[in-house]
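Here's the structure, in structure tokens; my notes come after.
Right, dumping it as structure tokens:
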């Protein structure tokens, strides 16, 4: 079995967060390192998705695929009325 190369990262975290990591590690019968790796991987995945969606949105803007602000505002203002406007497209 081969092991991926690793690097030790050090971070100062607030005590309440460290205690939650310890509690999760105990409950899941995993190491602190495993918990931190899972959390860091999930956060990186989330940030990569956010970046992808931002690039996609900017491509839409560059291509002129936008919705007029006034149309969105009128729609939002109508949401609490008896006859809300359809979602702007």
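Numbering (my numbering), first residue to last: 50 to 138.
For every residue, glycine included, the Cβ atom is placed at its ideal position computed from N, Cα and C.
Bear in mind the structure is a predicted one, so any value in this text is a computation, not a measurement.
One Cα belongs to residue 56, the other to residue 86, and the distance between them is close to 12 angstroms. Taking the Cβ atoms as the reference, residue 115 lies roughly 7 angstroms from residue 109, within the contact range of under 8 angstroms. In the DSSP assignment, residue 54 falls outside any alpha helix (DSSP H) and carries neither an H nor an E.
In the three-state reduction of the DSSP assignment, residue 61 falls in the coil class, being assigned neither a helical nor a strand state. Contact annotation: residue 79 and residue 70 have beta-carbon atoms that are not nearer than 8 angstroms. A straight-line Cα-Cα distance of about 25 angstroms links residue 64 and residue 94.
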